[in-house]
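Residue numbers for the sequence shown follow the working numbering, so the first one is -19 and each next one is one higher.
No residue lacks a Cβ here, since even glycine has one placed at the ideal position from N, Cα and C.
Since the model is a prediction, treat every value here as computed from it, not as a measurement.
Let me begin by presenting the structure, written as structure tokens, before commenting on it.
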Amino acid sequence: METIQELLAAKPCGNPKQTQYVDTVEAYDKWAEVYDTDGNFLQRLDTIEMRSLLPQFVDRVSKRFQPTDTETETTRPSLVDLGCGTGRNTIQLLTALSTANKATSFSVIGLDASRGMLDVARTATGQYAAENAAQTHVELGILDLLQPEVSRTQLPASLYAPGAVGVISTLVLEHIPLGRFFAAAAGIMRFGAYLLVTNMHAEMGMRSQAGFTDERGVKVRPTSYCHAIPDVLDAAREAGFEVVEVVGAGADGVVVRGVDDQLTDALGARAKKWVGVRVWFGVCFVKTG
């Protein structure tokens, strides 16, 4: 499978800025401090779209997996933010649970390969809990989707038996081969659980990838893959997932967003050059196999 780096290397580049490609975990450790503030418009778009997708996700999970009166804080059904990063969408998930009056119905687990990202997430979720008197139990831990056989031993016991009832994974798929991602997700989920995935659209991936400019003015980029939607759906199906309908999805069950002139004000200056390009997609699955 070709990486985006290899695809871009085959094309003429008019950008003279020096680029450094590093290990994915190392890149995100370096990026953590400025990840939420460096003006990345795709993150902003993802945040906007998750405001619609997360309530639907919580509603589906809540209807299928009703917690019992005997469950305690440590035995509640688990929802996982897989590749939680700085906790950006972990906090949105907590907010969606609270809004749906489900704050005490589930526990939330954030998993990421980057300790730098997890340090930021720990501060952010702690601050959220203090400011909102959050009643949802939150746990953060290490899981490297590129080396799951190593890090699985560190997972909370609840993810082995019986497994998570819901998993979200946002803007993570870009960095993981499809088969490995869906196998890892399936491995921590119980039958009938829901998986909500968002990612960079291949139309954008053919021209760019995740990365940030460091203090030296060097563009730092991790390993990325340009995943086309049909390939994502095929890989999910092979791993035992089926698409479930969400509001705003097309005939294939996938929500696709491009950048238009109206969105640029909300997304920031860096979005302007992407007007007319599809840059993001989201899809919800249910584990049937």
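Query raised in the report: Where does ASP232 sit, in a helix, a strand or coil, going by DSSP?
Result: Counted from its first residue, the sequence shown places residue 232 at position 252. DSSP, reduced to helix, strand and coil, places ASP232 outside both helices and strands of the structure shown, so it counts as coil.
Query - Counterpart residues of SER149 in DSSP-defined beta bridges - result: Taking the sequence shown and counting its residues from 1, the one referred to as residue 149 is at position 169. Its beta-bridge partners are VAL177.
Query - Coarse secondary structure for THR(-1), derived from DSSP in three states - result: Walking along the sequence shown from the start, residue -1 turns up at place 19. Strand, per DSSP.
Report task. Could you spell out where the beta strand (DSSP E) holding TRP260 opens and where it closes? Result -> Position 280 of the sequence shown, counting from 1, holds the residue named residue 260. Run containing TRP260: 258 to 267, per the beta strand (DSSP E) assignment.
Query raised in the report: Among residues of its own chain, excluding the 5 on either side of LYS252, which ones have a beta-carbon nearer than 6 Å to its beta-carbon?
Result: As a first step, residue 252 must be located in the sequence shown, where it is residue number 272. Excluding residues within five positions, the ones whose Cβ falls inside 6 Å are THR244.
Query - Beta-carbon separation (whole angstroms), VAL60 vs ILE168, contact threshold 8 Å - result: Here the question's residue 60 lines up with position 80 in the sequence shown. Here the question's residue 168 lines up with position 188 in the sequence shown. Indeed they touch by this definition, with Cβ atoms about 6 Å apart.
**Report entry** Which listed residue (ASP92, LEU120, ALA80 and GLY256) has its alpha carbon closest to that of PHE161
**Finding:** Locating residue 161 in the sequence shown gives position 181, where the first residue counts as 1. Among ASP92, LEU120, ALA80 and GLY256, the Cα nearest to that of PHE161 is on ASP92.
**Report entry** Beta-carbon gap between GLY90 and ALA101 smaller than 8 Å
**Finding:** Taking the first residue of the sequence shown as position 1, residue 90 is located at position 110. Taking the first residue of the sequence shown as position 1, residue 101 is located at position 121. In terms of Cβ geometry, GLY90 and ALA101 form a close pair [threshold 8 Å].
Query raised in the report: Under the rule that 16 or more other beta-carbon atoms within 10 Å means buried, what is PHE86, buried or exposed?
Result: Along the sequence shown, read from residue 1 onward, the residue named residue 86 stands at position 106. By the 10 Å Cβ count, PHE86 comes out buried.
Report task. Please determine, among VAL257, ASP241, ASP194 and SER204, the residue with the shortest C-alpha to C-alpha distance to GLN(-2). Result -> Here residue -2 corresponds to residue number 18 of the sequence shown, with the count starting at 1. The option with the nearest alpha carbon to GLN(-2) is ASP194.
Query raised in the report: What separation, rounded to the nearest whole angstrom, lies between the Cα atoms of HIS117 and THR105?
Result: As a working mapping, residue 117 is identified with position 137 in the sequence shown. As a working mapping, residue 105 is identified with position 125 in the sequence shown. Going from the Cα of HIS117 to the Cα of THR105 covers about 11 Å.
Report task. Just tell me which of ASP211, GLU222 and GLU183 has its CA closest to the CA of LEU175. Result -> Your numbering for residue 175 matches position 195 in the sequence shown. Here the closest residue by C-alpha is GLU222.
Query raised in the report: To which residues does DSSP link GLY90 through a beta bridge?
Result: The residue given as residue 90 occupies position 110 in the sequence shown. Looking at the DSSP assignment, GLY90 forms a beta bridge with ASP61 and LEU120.
Requested in this report: Could you spell out the range, first to last residue, of the beta strand (DSSP E) harbouring VAL224?
Outcome: Indexing the sequence shown from 1 puts residue 224 at position 244. Residues 221 to 224.
Query raised in the report: Buried or exposed: GLY63, going by 16 or more other Cβ atoms within 10 Å of its Cβ?
Result: What you label residue 63 is simply residue 83 of the sequence shown in a count that begins at 1. Taking every protein chain shown into account, the CB of GLY63 has 16 or more other CB atoms within 10 angstroms, so this residue is buried.
Query - For GLY143, the residue or residues it bridges with in DSSP - result: Taking the first residue of the sequence shown as 1, we reach residue 143 at position 163. Answer is none; GLY143 lacks a bridge partner.
Query raised in the report: Within 10 angstroms of its Cβ, does LYS267 collect 16 or more other Cβ (buried), or is it exposed?
Result: Locating residue 267 in the sequence shown gives position 287, where the first residue counts as 1. Taking all protein chains shown into account, LYS267 has 16 or more neighbouring C-beta atoms within 10 Å of its C-beta and is therefore buried.
Report task. To the nearest angstrom, report how far apart GLN0 and SER188 are at their CA atoms. Result -> The residue given as residue 0 occupies position 20 in the sequence shown. The residue given as residue 188 occupies position 208 in the sequence shown. Looking at the two C-alpha atoms, the distance is approximately 14 Å.
Requested in this report: For VAL255, name the three-state secondary structure that DSSP assigns.
Outcome: Position 275 of the sequence shown, counting from 1, holds the residue named residue 255. Note: VAL255 maps to strand in three-state DSSP.
Requested in this report: Using the DSSP secondary-structure output, state which residues sit across from VAL205 in a beta bridge.
Outcome: Residue numbering aside, residue 205 sits at position 225 when the sequence shown is read from its first letter. The amino acid at residue 205 is misidentified as Val; the sequence shows Tyr. Beta-bridge pairing links TYR205 to THR(-17).
Requested in this report: Let me know the secondary structure DSSP gives ARG187 once reduced to three states.
Outcome: Walking along the sequence shown from the start, residue 187 turns up at place 207. DSSP places ARG187 in the coil class of the three-state scheme, outside both helix and strand.
Query raised in the report: Would ASP26 pass as a contact of THR203 if the rule is Cβ separation under 8 Å?
Result: Here the question's residue 26 lines up with position 46 in the sequence shown. Here the question's residue 203 lines up with position 223 in the sequence shown. Not a contact, by the Cβ cut-off of 8 Å.
Report task. Consult DSSP for GLY159 and reduce its assignment to one of helix, strand or coil. Result -> Taking the sequence shown and counting its residues from 1, one reaches residue 159 at position 179. Helix, per DSSP.
**Report entry** Cβ-Cβ separation, LEU74 to ALA114 (assumed contact under 8 Å), whole Å
**Finding:** Position 134 of the sequence shown, counted from the first residue, corresponds to residue 114. Position 94 of the sequence shown, counted from the first residue, corresponds to residue 74. In this structure ALA114 touches LEU74 by the C-beta definition: roughly 6 Å separates them, less than 8 Å.
Report task. Kindly list the residues whose CB is nearer than 6 Å to the CB of MET30, restricted to its own chain and excluding five residues on each side of it in sequence; keep chain order. Result -> The residue you call residue 30 lines up with position 50 of the sequence shown. The beta carbon of MET30 lies closer than 6 Å to those of ASN69 and GLN72 in the same chain, with the five residues before and after it left out.
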